[in-house]
Structures are given as structure tokens and as C-alpha cells.
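So the protein sequences, as listed, match chains A and B. Sequential numbering of the first sequence, starting at 211, is according to this note's numbering. Sequential numbering of the second sequence, starting at 92, is according to this note's numbering.
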Amino acid sequence: MNERLRNVPDLPTHYLTEEQQALADQASKFFFSEFHHLNAEMDDTDDLSPSIFPKLGEMGYLGLNVAPEFGGAGLDFTSACIITEELSRASAAIGLSHAAHDNLCVNNIYRNANDDLRRKYLPGLCDGSLIGALGLTEPGAGSDALGSMRTTARKDGDHYVLNGSKIYITNGPIADIVLVYAKTSPEKGAKGISAFIVETDTPGFKVAQKLNKMGFAARPQASWCSRIAGCRRQTWWASWTAVWQ
Amino acid sequence: MNVQAGPGMAALAAIKANYSLTPEQRQIVDHVDRVAREILHPLQEKMDAEEWWPEDLFRQMGELGLLGITAPEELGGSGQNEFTQALVSETISKWNPAVGLSHGAHDNLCLNNILRNGSDEQVRKYVPGLCSGELVGALGLTEPGAGSDALGSMATSAVRDGNDYVINGSKIYITNGPIADVILVYTKTDKAKGAKGISAFIVETDNPGFKVAQKLDKMGFRGSPTGELVFEDCRVPASAMIGAENSGVSVVMSGLDLERAMVASVCVGMAERALELALDYARIREQFGKPIASFQMVQSKLAEIYVEVETARAFGYRALAACVGLPKGAGGRGEIHKLTAAACLYAGEAFNKAVTEACHIHGGSGYMQDTEINRLYRANKLLEIGAGTSEVRKIIIAEELLRA
Ligand SMILES: Cc1cc2nc3c(=O)[nH]c(=O)nc-3n(C[C@H](O)[C@H](O)[C@H](O)COP(=O)(O)OP(=O)(O)OC[C@H]3O[C@@H](n4cnc5c(N)ncnc54)[C@H](O)[C@@H]3O)c2cc1C
Ligand SMILES: Cc1cc2nc3c(=O)[nH]c(=O)nc-3n(C[C@H](O)[C@H](O)[C@H](O)COP(=O)(O)OP(=O)(O)OC[C@H]3O[C@@H](n4cnc5c(N)ncnc54)[C@H](O)[C@@H]3O)c2cc1C
């Protein structure tokens with residue numbers, strides 16, 4: 211794969227270290243033998259086989275940037291990108307589902323959540339028993355995701371109650387955990403946004419529909435209105451602030 | 092929502108009016124626009140989702156006067172020229188690209204070819220049925236091993252046997268193949284003579300030697316049935332041959348010139364629809380508290396799409412004007428060959444750019460399969476492939492330019 215570049219002595223191999231190159235070669239071999247042949251069927255059925263996330267977890271390809279104490283691979287960011295690249299080369303659809311899980315959801319939790327939340331969710335997200343997603347975009351809020359965001363989280367005792375909908379959410383239909391952005395102080399605009407971890411078996415959450423895309427089939431992707439009406443979360447779960455604050 | 096004549100639509104109509112269409116042409120376009128919008132447009136969704144062709148649609152099109160545009164009125168046609176046929180193609184394709192494609196294969200590739208090159212007897216036998224939609228037509232040139240080099244690599248053969256010819260071989264990517272009653276098929280009658288050894292036959296699909304090997308699953312133009320066809324000792328009478336033996340190349344080549352002019356019009360209709368959809372969406376969709384149409388970067392795209400539509404139209408109409416009155420057997424070389432290839436090349440690429448930008452203006456919704464803009468976007472690629480790929484079109488243009 212990267213052989214060609216390596217064989218030209220004057221060209222640096224994108225400045226990969228020996229270890230990163232070895233990681234890329236090993237990942238490429240595994241992804242091609244395990245996943246490449248699934249592409250045609252995934253494109254037909256638009257379904258992601260339930261065995262894929264556990265398999266990725268078993269091989270150490272989940273929680274790429276997460277420290278080993280939480281079950282992750284403890285890799286640097288460049289190495290995580292190399293693995294994403296190799297996975298997408300073998301299967302674009304799995305590559306994107308993996309990225310939504312591992313970068314958008316898992317790495318976000320790892321970087322921003324408190325230790326209780328990290329201990330609660332990261333091990334499952336790293337071994338593939340939990341699937342993650344990130345919900346930012348809404349029917350009325352895409353490019354202007356922050357300004358036009360309508361999903362709200364209202365404090366009610368030691369809970370927050372979320373109302374609103376998110377759309378085009380990769381992994382939405384199969385996710386166990388969704389990192390959701392919601393307005394806690396709508397009057398403060400972008401500064402009034404908070405991030406919550408929502409477990410999808412919470413009453414009040416539903417997948418309105420699985421969307422029919424033209425590409426990346428098998429990247430299960432929700433949903434013109436994954437309604438999160440009245441989702442109750444304990445306050446301590448939501449005790450961390452939005453990433454951009 | 093998008094059929095109301097907002098300023099954008101009115102401007103488009105005014106531009107079209109400037110092409111000095113005759114009152115009759117304008118009447119025909121108005122009629123086709125209305126029926127295509129009312130009857131064909133609503134069929135898009137199911138056709139696309141299921142690769143579904145409505146069973147009696149050709150008959151219905153016949154009743155609506157959409158078939159046999161170039162056929163004489165006494166045979167059931169409209170007695171119009173190829174320019175008008177292209178206007179019809181453009182308008183149908185705008186409202187339902189898949190129907191536009193099937194209509195073009197039937198009306199231009201099959202019916203018009205028989206009309207131009209068939210004997211009186213053949214014309215009388217097939218044209219009335221093709222005009223009423225009782226018969227569905229197709230054209231079979233491409234083979235698994237013969238695409239861009241359709242003539243040189245053609246392997247399908249027809250061998251004389253008494254008063255019959257026996258056809259063996261296969262054809263692929265044939266529009267209407269799975270539903271056709273009548274197929275104009277090109278075969279080699281003299282392999283030693285290469286392109287000069289080709290003959291054209293009219294094959295009726297109830298012939299026991301004919302079969303549809305498979306209906307193909309496409310990314311765009313879904314609903315227009317595309318097939319792989321097999322001829323196995325398919326015995327046809329000598330009277331099924333169009334023109335003289337080994338004279339097929341002139342039928343192919345002149346037919347392809349007209350086809351390319353038609354394809355340019357298909358592109359124009361679809362690009363115009365992409366512009367309308369983009370305009371509508373840009374006006375309605377709000378982000379940052381304003382319609383996205385108010386952002387200059389979106390406006391820039393709209394302007395560019397508009398330019399693609401109108402330049403493709405101007406060039407396409409010019410090529411079509413040159414096709415009118417093209418003598419039987421002419422074409423396949425010279426000015427008309429170059430001009431139609433150039434208009435087709437330009438229109439295919441213009442539509443590609445236009446629909447890519449129009450889809451982009453739709454943001455995430457443009458990526459979802461069940462939106463009209465996404466259907467147009469997926470239809471895109473074929474227009475740079477069918478009737479000769481962009482490269483083949485360039486080869487033709489350069490050959491003609493360099494011919495001393
Ligand atoms: C397959 C798929 C998977 C996705 N996965 C996720 C996910 O996991 N999580 C998630 O939160 N989101 C996800 N998204 C959503 C994605 O991030 C949004 O679609 C994207 O941000 C665009 O938003 P929009 O679709 O609302 O388009 P809009 O914001 O409505 O944009 C429409 C058009 O207007 C243009 N535009 C808007 N504002 C301006 C401006 N000020 N100046 C110039 N042009 C402008 C845009 O560039 C675009 O061309 C996904 C989308 C798709 C299609
Ligand atoms: C939906 C659909 C409907 C169709 N309907 C019909 C129909 O009704 N009847 C019919 O007969 N055919 C039909 N076709 C076939 C179509 O005309 C061919 O697909 C087309 O001519 C290209 O041939 P090919 O697919 O064999 O590609 P190839 O000829 O194999 O070309 C592959 C690539 O190589 C390039 N290439 C080839 N030769 C050269 C060269 N000398 N220089 C530079 N580049 C070159 C081409 O441009 C192309 O990019 C249809 C096709 C499709 C997809």
C-alpha cells in the first residue's frame with residue numbers, strides 16, 4: 211500500500227515513524243481480509259453486521275486515543291488517523307461508522323467527561339459492546355449548528371429533560387450512547403449549549419427513521435427526528451460543560 | 092412548491108422564448124411540459140426506489156402524443172423534425188429523467204432510425220405501433236466486449252441461411268431491452284470487412300432465439316429498464332434487414348449523431364430542473380437567521396449553474412438546428428459529426444457541474460436518496476457515457492478538426 215512511497219528514498223513517507231508504518235501495514239491487512247468482501251452486501255442492505263464493532267474492539271481498534279486504563283489503545287492522534295485511513299480504504303462505510311463512534315463520541319467523552327463518566331462508558335465503548343454516536347445537526351441547524359440549535363435541556367430537580375430532534379446522525383439507529391448537544395440557556399446563544407450523554411434505552415428517546423443515503427451504505431445513520439423528548443438524565447451525568455466553552 | 096412561476100421560472104421561460112421556436116413548437120413544448128409535470132413527475136419516486144417501469148406507460152405516452160414526434164401524421168406520428176423531438180426529450184427528461192431516457196431510446200434510437208433507414212414496408216409495419224405505444228422500441232449496439240469500440244469489437248454475427256439470417260451474440264446496457272417488442276440490432280454479416288461488414292436488423296422479441304439475460308440495477312435513471320440481451324440461433328427473415336447487407340455502418344453513424352444531439356437536450360432539461368430545485372431550496376432553507384440564498388457563496392453557485400444551463404442550451408440548439416433536414420444516410424462524418432459530438436460533450440459536462448453544485452446547495456438533504464435533487468445527481472454520470480463517452484466525443488471532434 212505505502213510500499214511505493216517507501217521505495218522512493220528521496221520521498222519521506224509522510225513522516226510516519228517505523229511503528230506507525232507497521233501499524234498501518236497490520237491494520238490494512240486485517241481490514242482487507244475481514245471487511246472488504248462485506249462492502250457489496252452492506253451497500254445492498256444498508257445494514258451493518260452486529261459482529262463488526264466487537265471485532266474492531268477485540269483487535270484493539272476502538273478507543274484509539276483512549277488511555278489503556280479505560281480500555282483504549284492509547285495511541286497518538288496521527289496513529290488514530292492512520293488506522294481510520296486504512297479502514298476507510300478497505301470499507302468506506304465501516305470507516306465512517308468507526309469514525310463517528312471512535313472520534314466523535316468516544317474521544318470526545320475521553321477528552322471532556324469527568325472520571326465517573328469515563329469509567330462508566332469508555333470500557334464498553336472500547337471493547338465494542340457499546341456503540342457510540344454524536345448528535346449535533348438538526349433539521350433546522352446544519353451549517354449554523356450552534357446558532358440555530360433548537361434541542362433544549364431543561365433542569366428538573368436532579369435531572370435534565372431533553373426535547374428536540376437530531377438528523378443525519380451516523381450510527382444513530384444502532385447506537386447505545388449518543389453524545390447530544392442541547393441548549394441549556396437558549397438566551398445565551400452558542401454559550402448556552404451543554405453536552406449530554408444519552409443512553410438510547412432511555413424512555414423518551416426514539417429513532418424516527420433510518421435514512422436512505424446514496425453512499426456509505428451500512429453506515430447506519432439516523433434520523434429525521436431522533437426524538438429525545440423528555441429524556442431524563444441524572445445531573446451528575448451532565449455535570450460537564452460543552453467542549454467549546 | 093417549485094412549479095409556481097417565481098421570478099426564476101419566468102426568466103427561464105423568457106429565455107426559451109428567445110430561441111424563435113415556431114408557434115407549433117411552442118404549443119408542443121407547453122403541452123409536453125404540462126403532461127410531464129402532471130403525469131410523469133409523480134412517478135419518479137417509485138420508479139427510482141424499485142427500478143419500476145409502469146406497465147402501460149408507453150401506451151399512455153402514445154395517447155398523450157409523446158411518441159413518434161418525427162413520424163408522419165398518417166402513420167400516427169406528429170410530423171415534426173428532430174429539433175422538436177429534442178425539445179420533447181428535454182421537457183420529459185426535466186420532469187422524469189428515467190422516462191426521458193426510455194422515451195429517447197424508443198422514439199429516436201429505434202423509431203426514428205427505422206423511419207430514416209427502413210424500407211416502406213418496414214416503416215408501415217412498425218412505425219404505427221411504435222407511435223401508439225402498442226410496441227416498445229430499443230436499439231442494441233453495445234456488447235459486453237464492445238462499447239467505445241462498438242463497431243471494431245462487435246462480436247454478434249448474422250449468418251445467411253436460405254431466406255433467413257441467424258443471429259448469435261449478446262448486447263448489454265440496452266435501454267428498454269427488458270420491455271421492448273422491437274429491437275434494432277447491429278450485427279456483423281462479414282467479419283472480414285470490419286466496420287464495413289455490419290448490418291442492421293429489426294428483431295421482434297417474441298422470437299424464440301431472443302432472451303433477456305438480466306435486467307440491470309443502475310445507480311441513476313432508475314425505472315428506465317436496462318438489460319442484457321442474448322441472441323441464440325435467433326432466426327429472422329431477410330426482410331428484417333434494414334438497408335442493404337453490410338451497409339449498417341452508415342445507419343449506426345448517422346443515428347449516433349442525432350442521438351448525441353438528443354442527449355444534449357436531455358442534459359439541458361435535467362440541468363434546468365437542477366437549477367429550479369437549487370433556487371427553491373436556497374430561498375426556503377435558512378441558516379444563520381437568513382435564507383442561504385442571501386449568502387454570496389451560494390449566489391455564486393446559482394449563477395454558475397445558470398450559465399451552465401444556458402450555454403448548454405445555446406450550443407445544443409445550434410447542433411439540433413444543423414440536424415434538421417439531414418439527408419438520409421448523411422452524418423457520421425463532417426461538420427454535423429463534429430458539432431453534435433461537441434454539443435453532447437459540452438452538455439454532459441455542463442450538467443455534471445450544474446447538478447453537483449445544485450446538490451451541494453441542498454446540504455445533507457441532497458445526500459438522501461429520496462430527494463429529487465439526489466435522483467438527478469445519481470443520473471449524472473450516464474450523460475458522459477452513453478452515446479459515446481466524453482473521450483469518444485473528443486476523439487470525434489479532434490479527428491474532424493484535423494481532417495485535411
Ligand atoms: C451521511 C451523513 C452523515 C452525517 N453524520 C452526522 C453525525 O454523525 N452527527 C452530526 O451531528 N451530523 C452529521 N451529519 C450532518 C452534517 O454535518 C450536515 O449535513 C452539514 O453540517 C450540513 O448541514 P445541512 O445539511 O443542514 O446543510 P445547510 O447548513 O442547510 O447547508 C445547505 C447549503 O448552504 C450552504 N451554506 C450554509 N450557510 C452558508 C453560509 N453562511 N455561506 C455560504 N454557504 C452557506 C452550505 O455550504 C450548503 O451548501 C451527517 C450528514 C450526512 C449527509
Ligand atoms: C444506463 C445505460 C443505458 C444505455 N443504453 C444503451 C442502449 O440503449 N443501446 C446501446 O447500444 N448502448 C447503450 N448503453 C451503452 C453505452 O453506449 C456504453 O456504455 C458506452 O458506449 C461506453 O461503452 P463501455 O461501457 O463498454 O465502456 P468502454 O468502452 O469499455 O470504456 C471504458 C473507459 O475507457 C475509455 N476509453 C475507451 N476507449 C478509449 C480511447 N480510445 N481513448 C480514450 N479513452 C477511451 C472510455 O471513455 C471510458 O472512460 C447504455 C449504457 C448505460 C450505462
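Positions of the beta carbon are idealized from the N, C-alpha and C atoms, including for glycine.
Local conformation of residue i per DSSP, three classes
| i | result |
| --- | --- |
| residue 328 (chain B) | strand |
| residue 268 (chain B) | helix |
| residue 413 (chain A) | coil |
| residue 261 (chain A) | coil |
| residue 407 (chain A) | strand |
| residue 492 (chain B) | helix |
| residue 371 (chain B) | helix |
| residue 418 (chain B) | coil |
| residue 382 (chain B) | strand |
| residue 260 (chain B) | strand |
| residue 174 (chain B) | helix |
| residue 317 (chain B) | strand |
| residue 434 (chain A) | Its pLDDT being 34, under 50, residue 434 (chain A) is placed unreliably in this model, and the value from its coordinates should be taken loosely. Coil at residue 434 (chain A), not helix or strand. |
| residue 393 (chain A) | strand |
| residue 255 (chain A) | helix |
| residue 372 (chain A) | strand |
| residue 384 (chain A) | helix |
| residue 459 (chain B) | strand |
| residue 362 (chain A) | strand |
| residue 355 (chain A) | coil |
| residue 245 (chain A) | coil |
| residue 336 (chain B) | coil |
| residue 240 (chain A) | helix |
| residue 95 (chain B) | Annotation note: pLDDT 40 at residue 95 (chain B) (below 50); position unreliable, coordinate value reported separately. DSSP places residue 95 (chain B) in coil when its eight states are reduced to three. |
| residue 280 (chain A) | helix |
Ligand 1 heavy atom lying under 6 Å from the CB of residue i
| i | result |
| --- | --- |
| residue 361 (chain B) | no |
| residue 388 (chain B) | yes |
| residue 455 (chain B) | yes |
| residue 376 (chain B) | yes |
| residue 308 (chain A) | no |
| residue 410 (chain A) | no |
| residue 347 (chain A) | yes |
| residue 391 (chain A) | no |
Proximity to residue i [Cα-Cα], best of the options
| i | options | result |
| --- | --- | --- |
| residue 432 (chain B) | B:328, B:407, B:161 | B:407 |
| residue 382 (chain A) | A:307, A:322, A:321, A:243 | A:307 |
| residue 490 (chain B) | B:474, B:470, B:163, B:429 | B:429 |
| residue 334 (chain B) | B:114, B:280, B:379 | B:280 |
| residue 266 (chain B) | B:205, B:118, B:309 | B:309 |
| residue 408 (chain A) | A:422, A:230, A:390 | A:390 |
| residue 296 (chain A) | A:327, A:255, A:232, A:342 | A:232 |
| residue 442 (chain B) | B:458, B:473, B:413 | B:473 |
| residue 347 (chain B) | B:288, B:480, B:128 | B:480 |
| residue 380 (chain A) | A:321, A:425, A:293, A:370 | A:425 |
| residue 427 (chain A) | A:303, A:289, A:267 | A:303 |
| residue 364 (chain B) | B:416, B:420, B:447 | B:447 |
| residue 268 (chain B) | B:255, B:328, B:287, B:196 | B:196 |
| residue 218 (chain B) | B:198, B:326, B:476, B:467 | B:198 |
| residue 131 (chain B) | B:299, B:190, B:114 | B:190 |
| residue 162 (chain B) | B:184, B:214, B:238, B:154 | B:214 |
| residue 393 (chain A) | A:252, A:378, A:348, A:421 | A:348 |
beta-carbon residue i near ligand 2 non-hydrogen atom, thresh 6 Å
| i | result |
| --- | --- |
| residue 61 (chain B) | Residue 61 (chain B) lies beyond the residue range present for chain B, which begins at 92 and ends at 495; the question has no answer from this structure. |
| residue 339 (chain A) | no |
| residue 182 (chain B) | no |
| residue 230 (chain B) | yes |
| residue 474 (chain B) | no |
| residue 239 (chain B) | yes |
| residue 237 (chain A) | no |
### Task
At 3 residues or longer, and completely inside the segment 270-315 of chain B: list those beta strand (DSSP E) runs for me, N to C.
273-279, 289-295, 301-306
### Query
Whole beta strand (DSSP E) runs in the segment 288-347 of chain A with 3 or more residues, listed along the chain?
342-345
### Query
What are the start and end residues of each continuous alpha helix (DSSP H) run of 4 or more residues lying completely inside the segment 405-454 of chain B, in chain order?
425-452
### Task
Quick one: which unbroken beta strand (DSSP E) runs of 3-plus residues sit fully inside the segment 218-264 of chain B? Chain order, please.
228-231, 248-252
### Query
In the segment 105-191 of chain B, which residue ranges form an unbroken alpha helix (DSSP H) of at least 4 residues, counting only runs that do not cross its ends?
114-126, 135-141, 148-154, 173-186
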